[in-house]
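Engineer: Following the working numbering, the numbering of the sequence shown begins with 5 at its first residue and continues without gaps.
Every residue gets a Cβ at the ideal spot worked out from N, C-alpha and C, and that includes glycine.
Keep in mind the model is a prediction, meaning the values are calculated, not measured.
Before I ask anything, here is the structure I am working with.
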Amino acid sequence: MRSFRRAQRELDACVALIDSSLRTAAASEHSVHGRPIRTSRDLHQATSQLADASGRLGRAASALARTNEYMAREPERAVGAPALIISETERWVDVAAYLQEAAGGVFALQENVLGALESGELVPEPEPERRPRIVLVPRPAPVRAFLRLRLPRVIERITPILRRRRRTPRPAALRVPRRSVLGRAPPLSPVRRF
Numbered sequence: 005m006r007s008f009r010r011a012q013r014e015l016d017a018c019v020a021l022i023d024s025s026l027r028t029a030a031a032s033e034h035s036v037h038g039r040p041i042r043t044s045r046d047l048h049q050a051t052s053q054l055a056d057a058s059g060r061l062g063r064a065a066s067a068l069a070r071t072n073e074y075m076a077r078e079p080e081r082a083v084g085a086p087a088l089i090i091s092e093t094e095r096w097v098d099v100a101a102y103l104q105e106a107a108g109g110v111f112a113l114q115e116n117v118l119g120a121l122e123s124g125e126l127v128p129e130p131e132p133e134r135r136p137r138i139v140l141v142p143r144p145a146p147v148r149a150f151l152r153l154r155l156p157r158v159i160e161r162i163t164p165i166l167r168r169r170r171r172t173p174r175p176a177a178l179r180v181p182r183r184s185v186l187g188r189a190p191p192l193s194p195v196r197r198f
């Protein structure tokens, strides 16, 4: 059933790509006179989406074929699967026809736009003005100064920072109680037994 679900996902993605390319084609019909170059680029993107949809349609067909093979190998486990495969195969045929129709419309529109551009019927829009680029120039002088002051060894770089971070100075001498003779500390308070 994994390959059957994969076929369903591929068909869903194929339909989504076809719908997206048809929306692009519909939008480009409205903007063809104002921006024919951009319209031709959008239509080129729509044709690449249709090519991707065609690839997904092929993957869905191979997934359906694998599902059919699994059903033939283990018919006792595939009780309700033939009806599902038949419905999904019908859906595949419908999506293939939808793809063929959409591809024909998009390709015809793209040929019309390119033909009108070549004949001069459509005037290409002027190039948009380029926005000024902000270029950051490297400043090597501060980098050189940093590298000159940089100390070569790691310990020489870290110890000044550690010295600056210390807030309380260490005591010069620490008083530690002496060890008792038995190796234990004396009791803190006298113990009374009742």
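(1) On the CB-based measure, 16 or more other CB atoms within 10 Å of its CB, does residue 91 come out buried or exposed?
(2) What's the call for residue 83, buried or exposed, on a 16-neighbour Cβ count within 10 Å?
(3) Inspect the CB distances between the region 125-138 and the region 47-58 and report whether three or more fall short of 8 angstroms.
(4) Just how far apart, CA to CA, sit residue 163 and residue 136?
(5) Give a yes or no on whether the C-beta atoms belonging to residue 103 and residue 57 are separated by under 7 angstroms.
(6) Within 8 angstroms, do at least three Cβ pairs link the region 18-37 to the region 109-119?
(7) Look at the Cβ atom of residue 11, then the Cβ atom of residue 67, and state whether they are nearer than 7 angstroms.
(8) Could you check which residue in 147, 167, 117 has the C-alpha nearest to that of residue 44?
(9) Under 7 angstroms between the Cβ atoms of residue 14 and residue 64?
(10) My assumption, with CB atoms under 8 angstroms, is that residue 32 sits in contact with residue 53. Please give the rounded CB distance.
(11) Apply the 10 Å Cβ neighbour rule to residue 60 and answer buried if 16 or more other Cβ atoms are within range, or exposed otherwise.
(12) My output table needs one value for residue 198: the three-state DSSP class, helix, strand or coil.
(13) So, are the CB atoms of residue 70 and residue 123 less than 7 angstroms apart?
Structural biologist: On the basis of the data shown:
(1) For this step, residue 91 is matched to residue 87 along the sequence shown. The residue is exposed, with fewer than 16 neighbouring Cβ atoms inside 10 Å.
(2) Locating residue 83 in the sequence shown gives position 79, where the first residue counts as 1. Residue 83 is exposed by the Cβ-count criterion.
(3) no
(4) Working through the sequence shown from its first residue, we reach residue 163 at position 159. Working through the sequence shown from its first residue, we reach residue 136 at position 132. Going by the C-alpha atoms only, they are around 47 angstroms apart.
(5) Here residue 103 is taken as the residue at index 99 of the sequence shown, counted from 1. Here residue 57 is taken as the residue at index 53 of the sequence shown, counted from 1. Cβ distance < 7 angstroms, so residue 103 and residue 57 count as in contact.
(6) yes
(7) Residue mapping note: residue 11 aligns to position 7 of the sequence shown, counting from 1. Residue mapping note: residue 67 aligns to position 63 of the sequence shown, counting from 1. Yes; because the gap between Cβ atoms is below 7 angstroms, this pair is in contact.
(8) For the purposes of this step, residue 44 is taken as residue 40 along the sequence shown, with counting starting at 1. Taking only the C-alpha atoms, the option nearest residue 44 is 117.
(9) The residue given as residue 14 occupies position 10 in the sequence shown. The residue given as residue 64 occupies position 60 in the sequence shown. Yes, the Cβ-Cβ distance between residue 14 and residue 64 is below 7 angstroms.
(10) One-based indexing of the sequence shown puts residue 32 at position 28. One-based indexing of the sequence shown puts residue 53 at position 49. Not confirmed; about 13 angstroms, so no contact.
(11) For this step, residue 60 is matched to residue 56 along the sequence shown. Answer is buried; the Cβ neighbour count reaches 16.
(12) Reading the sequence shown from its first residue, position 194 is the one you call residue 198. Because residue 198 carries a pLDDT of 44, less than 50, the predicted location of this residue cannot be relied on, and no value is offered for it.
(13) Locating residue 70 in the sequence shown gives position 66, counting from the first residue. Locating residue 123 in the sequence shown gives position 119, counting from the first residue. Taking 7 angstroms as the Cβ cut-off, residue 70 and residue 123 do not qualify as a contacting pair.
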